[in-house]
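**Student:**
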Amino acid sequence: MSSPVITGIGVIAPTGVGVDEHWQAVLAGKLGIARISRFDAAGYPVQLAGEVTGVSVKELLPRRLVPQIDRWTQLAVLAGEYALADAKLNPAELPEYEMAVVTSSSSGGTEFGQNEMTRLYRNGPSHVGAYQSIAWFYAATTGQLSIKHGMRGPCGVLACEQAGGLDALGQVRRLLRREARLVISGGTDASLCPYGVVAQLPIGYLSTSDDPEQAYLPFDADAAGYVPGEGGAIFTVETAESARERGAPNYGAILGYAAGFDPPPGSERPPVLRRTIERAIADAGLLPSDVDVVFADAMGVPDKDLAESQAISAVFGPGAVPVTAPKTLTGRLYGGGAPLDVATALLALRDGIIPHTAGPTELAPGIDIDLVLGQPRPAPLRTALVLARGYGGFTSALVLGAGDRTA
Amino acid sequence: MANFELDDLVRLLASCAGVEEEFDLNNDVLDTEFVDLGYDSLALLEVAGQVSREYGVPMPDNAPEYMLTPRAAIDFINELFAATTAKAV
Chain A
1231 MSSPVITGIG
1241 VIAPTGVGVD
1251 EHWQAVLAGK
1261 LGIARISRFD
1271 AAGYPVQLAG
1281 EVTGVSVKEL
1291 LPRRLVPQID
1301 RWTQLAVLAG
1311 EYALADAKLN
1321 PAELPEYEMA
1331 VVTSSSSGGT
1341 EFGQNEMTRL
1351 YRNGPSHVGA
1361 YQSIAWFYAA
1371 TTGQLSIKHG
1381 MRGPCGVLAC
1391 EQAGGLDALG
1401 QVRRLLRREA
1411 RLVISGGTDA
1421 SLCPYGVVAQ
1431 LPIGYLSTSD
1441 DPEQAYLPFD
1451 ADAAGYVPGE
1461 GGAIFTVETA
1471 ESARERGAPN
1481 YGAILGYAAG
1491 FDPPPGSERP
1501 PVLRRTIERA
1511 IADAGLLPSD
1521 VDVVFADAMG
1531 VPDKDLAESQ
1541 AISAVFGPGA
1551 VPVTAPKTLT
1561 GRLYGGGAPL
1571 DVATALLALR
1581 DGIIPHTAGP
1591 TELAPGIDID
1601 LVLGQPRPAP
1611 LRTALVLARG
1621 YGGFTSALVL
1631 GAGDRTA
Chain B
995 MANFELDDLV
1005 RLLASCAGVE
1015 EEFDLNNDVL
1025 DTEFVDLGYD
1035 SLALLEVAGQ
1045 VSREYGVPMP
1055 DNAPEYMLTP
1065 RAAIDFINEL
1075 FAATTAKAV
């Protein structure tokens, strides 16, 4: 059976709205990180974020829906529209039980929840809105997409911190083998509210820098954490047969996937990233030498960067495969981060160009990967490996193969 | 106590559940079920909560069951208003 293919991409990210705007910003190294504007962050240790700007999300959505859903769902519903349009798909023409939705979510509807909590403690329980019951929930985005497009197949949500976007696509592949012909997938996140940001502080990974150019420098000697961001990407993923029947070109195929979970702190066992990479490549029926580019997780936390570099070098050999992390332009988008990386990787495969990692200049001691710096690097690309890790041990890897879409 | 009118219902629905682009909530749809107008039970729960907060009239938890159409909702709310006024007298 042929691998499932990605026929449509919808991007809403700090780098832009729509595939073209995002891709041009990535190639130009246009930074989407700035001072937090979604709330007054003056009293918080985190000053910077990657925000979705330049588009009035609420005005582009059905007016009925806007007050019922969190911003994270608003972004996904809009990105879903873009993905379907990009794929030239009309769900009304397809069997409703053969279409499904599987998204990733890291923290659910935190901004919506914070507003309702504020009503609770200021005015009392009777002032909490009824939509709180569904808007905060991890599966809210999947549910709203399913309702909106009449997709009644096996839907779900993956809540795996910042690795969930790849796990969602792994689940999509499973569904497309038997139960569905089309799955809307990917994910977004939008937790740039006090509650959402404060919940991330105890981990100690968020950058406290106030210089957008220096705040998120993965693999660099000056790495000091990461910047939170909002947005992500939504895809239409189809069986190869479904796409062929429609005569639809595709950005690429999901060739391999694997997930693992790190041993507990203090364990003598190594992190699972190396084995997860090896399993994903084996799952794709490939050898490490077949992988043309790696989109790194690139946490920007020194010991995590070193561990990722060691895993990549253990599998491929030191400096043997180009590695990049264009997410330095957006910050880390949680449930939307890996999907945006997948979108960027598919565009790299389409155009035969590896976008560079804007920001880092000098690799930290012990980092021996070939990190693409300074400017995009043209290269014949057939396959890309995307890595994602989430706090606590979530570790996932996805292998993509180039498609036949040209624009 | 003031009567609860269609305009009040429209205002509350718009503020808590959003308005629909395709049609206006007017006298033509007074007897159309909310579900056919695109409003789910959560929207009606919201309206019930708003009525109770704004007018100080407690609404029962199962209020949406009595509010299947705009006319039924308006009648139900007015009956509760009347009962509350009668009790106060």
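Residue numbers (my numbering), protein chains in the order written: chain A, 1231 to 1637; chain B, 995 to 1083. From the three backbone atoms N, C-alpha and C, an ideal C-beta is built for every residue, glycine too.
1) Which residues in the same chain as residue 1448(A) place their Cβ atom closer than 6 Å to its Cβ, once the five residues preceding and following it in sequence are excluded?
2) From what residue to what residue does the alpha helix (DSSP H) around residue 1053(B) run?
3) Does the Cβ of residue 1213(A) have 16 or more other Cβ atoms within 10 Å, making it buried, or fewer, making it exposed?
4) Is the number of C-beta pairs between the stretch 1370-1386 of chain A and the stretch 1315-1323 of chain A that are closer than 8 Å three or more?
5) Counting Cβ pairs closer than 8 Å, one from the stretch 1451-1470 of chain A and one from the stretch 1430-1439 of chain A, do we hit at least three?
6) Between which residues of its own chain and residue 1425(A) is the CB-CB distance below 8 Å, once the five residues before and five after are set aside?
7) Comparing the C-beta of residue 1047(B) with each C-beta of chain A, is any distance below 8 Å?
8) Alpha carbons only, please: which of 1467(A), 1582(A), 1350(A), 1263(A) is nearest the one belonging to residue 1439(A)?
9) Let me see if you follow: with CB-CB separation under 8 Å, is residue 1075(B) close to chain A or not?
10) Starting from the Cα of residue 1511(A), find the closest Cα among 1394(A), 1472(A), 1521(A) and give me that residue.
11) How long is the line joining the alpha carbons of residue 1350(A) and residue 1305(A), rounded to whole angstroms?
12) Between which two residues does the alpha helix (DSSP H) harbouring residue 1651(A) extend?
13) Under the three-state reduction of DSSP, which class applies to residue 1539(A): helix, strand or coil?
14) Any heavy atom of the ligand ATP closer than 7 Å to the Cβ of residue 1240(A)?
15) So that I know if they touch, is there some Cβ in chain B lying closer than 8 Å to that of residue 1374(A)?
16) Residue 1281(A) and residue 1244(A): beta carbons closer than 8 Å?
17) May I have a chain-ordered list of the beta strand (DSSP E) segments no shorter than 3 residues that lie completely inside the stretch 1543-1615 of chain A?
18) Can you give me the start and stop residues for the alpha helix (DSSP H) that residue 1075(B) sits inside?
19) Starting from the C-beta of residue 1052(B), find all residues in its chain whose C-beta is less than 6 Å away, skip the five residues before and the five after it, and write them out in chain order.
20) Near residue 1016(B), which residues of its chain fall below 7 Å by C-beta distance, leaving aside the five closest residues on each side in sequence?
21) Could you have a look at residue 1312(A) and say whether DSSP puts it in helix, strand or coil?
22) Where are the alpha helix (DSSP H) runs, 4 residues long or more, that stay fully inside the stretch 1004-1045 of chain B, in chain order?
23) Could you work out which residue in 1357(A), 1627(A), 1446(A), 1369(A) is closest to residue 1569(A) when comparing CA atoms only?
24) Tell whether a beta-carbon distance below 8 Å holds between residue 1317(A) and residue 1560(A).
25) When the cut-off is 8 Å and only beta carbons count, does residue 1032(B) lie next to chain A?
**Tutor:** From the atom records:
1) In the first sequence, the residue the question calls residue 1448(A) occupies position 218. Here residue 1448(A) has 1528, 1530, 1535, 1555 as same chain residues with Cβ atoms under 6 Å from its own Cβ, once five neighbours each way along the sequence are excluded.
2) Locating residue 1053(B) in the second sequence gives position 59, counting from the first residue. First-last for residue 1053(B): undefined, no H or E at that position.
3) Nothing about residue 1213(A) can be read from this structure; chain A reaches only from 1231 to 1637.
4) These segments touch.
5) Yes, the stretch 1451-1470 of chain A touches the stretch 1430-1439 of chain A.
6) In the first sequence, counting from the first residue as 1, residue 1425(A) sits at position 195. Around residue 1425(A): 1340, 1341, 1343, 1344, 1347.
7) Taking the second sequence and counting its residues from 1, the one referred to as residue 1047(B) is at position 53. At least one chain A Cβ lies under 8 Å of residue 1047(B).
8) As a position in the first sequence, residue 1439(A) is number 209, starting the count at 1. That would be 1263(A), whose Cα lies nearest to the Cα of residue 1439(A).
9) Along the second sequence, read from residue 1 onward, the residue named residue 1075(B) stands at position 81. Closer than 8 Å: no.
10) Within the first sequence, the letter at position 281 stands for residue 1511(A). Ranking 1394(A), 1472(A), 1521(A) by Cα distance to residue 1511(A) puts 1521(A) first.
11) As a working mapping, residue 1350(A) is identified with position 120 in the first sequence. As a working mapping, residue 1305(A) is identified with position 75 in the first sequence. When rounded, the distance between both Cα atoms is 26 Å.
12) The first residue shown for chain A is 1231 and the last is 1637, placing residue 1651(A) beyond what the model contains.
13) Taking the first residue of the first sequence as position 1, residue 1539(A) is located at position 309. Three-state DSSP puts residue 1539(A) in a helix.
14) Looking for the ligand ATP in the displayed structure turns up nothing, as the structure carries no ligands at all.
15) Residue mapping note: residue 1374(A) aligns to position 144 of the first sequence, counting from 1. The C-beta of residue 1374(A) comes no closer than 8 Å to any C-beta of chain B.
16) Numbered from its first residue, the first sequence carries residue 1281(A) at position 51. Numbered from its first residue, the first sequence carries residue 1244(A) at position 14. A contact, by the Cβ cut-off of 8 Å.
17) Entirely contained in the stretch 1543-1615 of chain A, the beta strand (DSSP E) runs reaching 3 residues are, in chain order, 1552-1554.
18) By one-based count along the second sequence, residue 1075(B) stands at place 81. Its alpha helix (DSSP H) spans residues 1064-1082.
19) The sequence position of residue 1052(B) within the second sequence is 58, counting from 1. Excluding sequence neighbours, residue 1052(B) sits near 1046.
20) As a working note, residue 1016(B) is residue 22 in the second sequence. Note that residue 1016(B) has pLDDT 49, beneath the 50 cutoff, so the model's placement of it is unreliable and the number below is only indicative. Closer than 7 Å at Cβ, skipping near neighbours: no residue.
21) Your numbering for residue 1312(A) matches position 82 in the first sequence. In this structure, DSSP gives residue 1312(A) a helical state, which the three-state scheme calls helix.
22) Counting whole runs of 4 or more residues, the stretch 1004-1045 of chain B contains the alpha helix (DSSP H) stretches 1028-1031.
23) Taking the first sequence and counting its residues from 1, the one referred to as residue 1569(A) is at position 339. Answer by Cα proximity: 1627(A).
24) As a position in the first sequence, residue 1317(A) is number 87, starting the count at 1. As a position in the first sequence, residue 1560(A) is number 330, starting the count at 1. Not in contact: residue 1317(A) and residue 1560(A) (Cβ atoms no closer than 8 Å).
25) Here residue 1032(B) corresponds to residue number 38 of the second sequence, with the count starting at 1. Residue 1032(B) counts as touching chain A.
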